Structure formats: C-alpha cells, structure tokens
Amino acid sequence: EPEVTQTPSHQVTQMGQEVILRCVPISNHLYFYWYRQILGQKVEFLVSFYNNEISEKSEIFDDQFSVERPDGSNFTLKIRSTKLEDSAMYFCASSDRGSDEQFFGPGTRLTVL
Amino acid sequence: DQQVKQNSPSLSVQEGRISILNCDYTNSMFDYFLWYKKYPAEGPTFLISISSIKDKNEDGRFTVFLNKSAKHLSLHIVPSQPGDSAVYFCAASAGSSNTGKLIFGQGTTLQVKP
Chain Y
995 EPEVTQTPSH
1005 QVTQMGQEVI
1015 LRCVPISNHL
1025 YFYWYRQILG
1035 QKVEFLVSFY
1045 NNEISEKSEI
1055 FDDQFSVERP
1065 DGSNFTLKIR
1075 STKLEDSAMY
1085 FCASSDRGSD
1095 EQFFGPGTRL
1105 TVL
Chain C
371 DQQVKQNSPS
381 LSVQEGRISI
391 LNCDYTNSMF
401 DYFLWYKKYP
411 AEGPTFLISI
421 SSIKDKNEDG
431 RFTVFLNKSA
441 KHLSLHIVPS
451 QPGDSAVYFC
461 AASAGSSNTG
471 KLIFGQGTTL
481 QVKP
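These protein sequence lines are chains Y and C, in that order. Its first residue numbered 995, the first sequence is counted upward by one per residue in this note's numbering. Its first residue numbered 371, the second sequence is counted upward by one per residue in this note's numbering.
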C-alpha cells in the first residue's frame, strides 16, 4: 500500500540553525501539506502546496518557513533560523484532490535546543 | 481558535461495546469532515469521512453521523476492540477553498479494555 514517508524521524538542532525536513508523498497525489503538533496541543495546519506553488498558508508559516518540491518526488519544509518554540512533530500529508482525505506520514520530531 | 472541538479528552469502554466519540464545530463554511486515528510515534491514519450533503456514512465497524443544525458529528465504533485504543481526531475543511486545509480538534484518547 502506498504511503507517505518522512526523514529524518528525529532532528535535533541548535536555536538559530537551519533545518530541512523531507517528505516523499504518495506518487500520484497532487496536493501536499505540512502540519505540526506541539507536545500536548492539537495538530495545526502550516501550508498547502499545489501545482508548484503555495495555495494556502497559516499565520504560523512566516518568512522563516519555506517549502519546495525540488525534483518531482520530494517535498521539503525548510525553517531558516529555528526558535525554541519550533520544537514539535512535523507531519507531511498528501492527497489526490484538495477536497479528498489526506494521507499523513509518520512525522519528524524536531527538537530545538 | 477553537473552530473544531472535542470536549472529551478521554473515553474508556469495554471490548465489544460501542464507542462514541463526539466533535463540535463552529464554522458554517465547513462542508467535509474526517476522523483520523493516531497511535504514539505515528502519523494520523485516515478512518472515515463525511460530506455535508450526507448525515451518515458507514464503513465496517465505523459510522460517522453528522448533525448540521447542531454543528455536531460523532464517530461510532461497534464493536470496539482493544486494537482501537488510540487518539482519535476529528478534522474539518471548507471545500470551497479547495486548498484542503484541515482544522483539527484536540483529540480524544480511546481506551478499549479487554
């Protein structure tokens, strides 16, 4: 069964450093998403991506964040200068259509020290 | 921002009985609702969805009911099994935006006792 994969499973970084979180969505899906879940809180939408551009982003997704689909299979989330409050589980998701169910990856746990 | 609420943080039921998980929403623009199950250290797994044009959708042991006038939906699991023990998230989207953005509730931890 096709699945969304994410690497790394756990990333530890120092405050102010750049991190890139990687995702491989399901191959025939066209819509891609990033969500995050801070420990003890709800899953929050960050950004949606379709046709090589951002279709919607949340208030959390400020200038420190960027997304890219560099090669037709990977979908990446970059945080330019990490803050302590960026520590969270980051989930990538993909869907066939924007109005369809989204399939989530296992997540990357980001720890900012 | 509490557009989607799951007011019960936890629920415990006996194996074989019915589990009922509840979710309320406030945004009238939501027209598509989903339930996800999540185990520790894994991503959310899609369970079942319902469009606002329906009031019920069934898939095996899982049934979702939607009451639009009350802005309420519920997930019924019958019969409950120990393997159903997980965190259940309700999520909603406004299809008109077509970006697929999901708004999640806080989750309900279900424990099914053998």
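Backbone N, C-alpha and C define an ideal beta-carbon position, used for all residues, glycine too. These numbers come from a predicted model, not from an experiment.
(message) Measuring only the C-alpha atoms, how far is Y:S1003 from C:S439?
(response) Translated into the one-based positions of the first sequence, residue 1003 of chain Y becomes position 9. Translated into the one-based positions of the second sequence, residue 439 of chain C becomes position 69. Roughly 42 Å separates the two Cα atoms.
(message) With H, G and I counted as helix, E and B as strand and the rest as coil, what does DSSP make of Y:D1080?
(response) The count along the first sequence starts at 1 and reaches residue 1080 of chain Y at position 86. For Y:D1080, the secondary structure class from DSSP, reduced to helix, strand or coil, is helix.
(message) Among Y:S1021, Y:Q1008, Y:I1032, whose alpha-carbon lies nearest the alpha-carbon of Y:A1082?
(response) Taking the first sequence and counting its residues from 1, one reaches residue 1082 of chain Y at position 88. Per the Cα distances, Y:I1032.
(message) Less than 8 Å between the C-beta atoms of C:L436 and C:K424, yes or no?
(response) Along the second sequence, read from residue 1 onward, the residue named residue 436 of chain C stands at position 66. Along the second sequence, read from residue 1 onward, the residue named residue 424 of chain C stands at position 54. Yes, these two residues count as a Cβ contact at 8 Å.
(request) Would you kindly check if the distance between the Cβ of C:T478 and the Cβ of C:Q376 is under 8 Å? (result) Translated into positions along the second sequence, residue 376 of chain C becomes position 6. Translated into positions along the second sequence, residue 478 of chain C becomes position 108. Contact annotation: C:Q376 and C:T478 have beta-carbon atoms nearer than 8 Å.
(message) What are the residues in the segment 1067 to 1097 of chain Y lying within 7 Å of chain C by C-beta distance?
(response) Residues F1085, S1089, G1092, S1093, E1095, Q1096, F1097.
(request) Indicate the three-state DSSP secondary structure (helix, strand or coil) for C:D454 in the structure shown. (result) As a first step, residue 454 of chain C is located in the second sequence; it is residue number 84 there, counting from the start. When secondary structure is reduced to three states using DSSP, C:D454 falls in the helix class.
(request) Run down chain Y in chain order and give the residues with a C-beta less than 8 Å from the C-beta of C:S410. (result) Reading the second sequence from its first residue, position 40 is the one you call residue 410 of chain C. Rather than Ser, the amino acid found at residue 410 of chain C in this sequence is Pro. Result: empty, since nearest Cβ-Cβ is about 11 Å, beyond 8 Å.
(request) Count the other C-beta atoms from every protein chain shown that fall within 10 angstroms of the C-beta of C:V374, then say buried if there are 16 or more, exposed otherwise. (result) Start at 1 with the first residue of the second sequence, and residue 374 of chain C comes out as number 4. Looking at its Cβ environment, which holds 16 or more other Cβ atoms inside 10 Å, C:V374 is buried.
(request) Check whether the Cβ atoms of Y:F1097 and Y:S1089 lie closer than 8 Å to each other. (result) In the first sequence, residue 1097 of chain Y corresponds to position 103, counting from 1. In the first sequence, residue 1089 of chain Y corresponds to position 95, counting from 1. Closer than 8 Å, so yes.
(message) Just list the residues that DSSP pairs C:D394 with in beta bridges.
(response) As a first step, residue 394 of chain C must be located in the second sequence, where it is residue number 24. Paired residues: C:K375, C:H442.
(message) For C:K408, which residues in the same chain have their Cβ closer than 8 Å to its Cβ, ignoring the five residues on either side in sequence?
(response) By one-based count along the second sequence, residue 408 of chain C stands at place 38. Contacts found: P414, T415, A456, V457, Y458, F459, G477.
(request) Identify each residue in the segment 399 to 423 of chain C for which the Cβ-Cβ distance to at least one residue of chain Y is less than 8 Å, and report them in chain order. (result) Correct list: Y402, L404, Y406, A411, E412, G413, P414, T415, F416, S419.
(message) Using a Cβ-Cβ distance cut-off of 8 Å, determine whether Y:G1010 contacts chain C.
(response) For this step, residue 1010 of chain Y is matched to residue 16 along the first sequence. With 8 Å as the cut-off, Y:G1010 does not count as an interface residue toward chain C.
(request) Can you tell me the Cβ-Cβ gap for C:R387 and C:P449, rounded? I've got them flagged as a contact below 8 Å. (result) To locate residue 387 of chain C, count along the second sequence from 1; it is residue 17. To locate residue 449 of chain C, count along the second sequence from 1; it is residue 79. Contact holds; Cβ gap of about 7 Å.
(request) For the beta strand (DSSP E) containing C:S422, list its first residue and its last residue. (result) Here residue 422 of chain C corresponds to residue number 52 of the second sequence, with the count starting at 1. Counting along the chain, C:S422 falls outside any beta strand (DSSP E), and DSSP gives it neither H nor E.
(message) Looking at the secondary structure, which residues open and close the beta strand (DSSP E) in which Y:T1105 lies?
(response) The residue you call residue 1105 of chain Y lines up with position 111 of the first sequence. DSSP places Y:T1105 in the uninterrupted beta strand (DSSP E) bounded by 1102 to 1106.
(message) Please list, in chain order, the chain Y residues whose beta carbon lies closer than 7 Å to that of C:F474.
(response) The sequence position of residue 474 of chain C within the second sequence is 104, counting from 1. Listed along the chain, the chain Y residues whose CB falls inside 7 Å of the CB of C:F474 are K1036, V1037.
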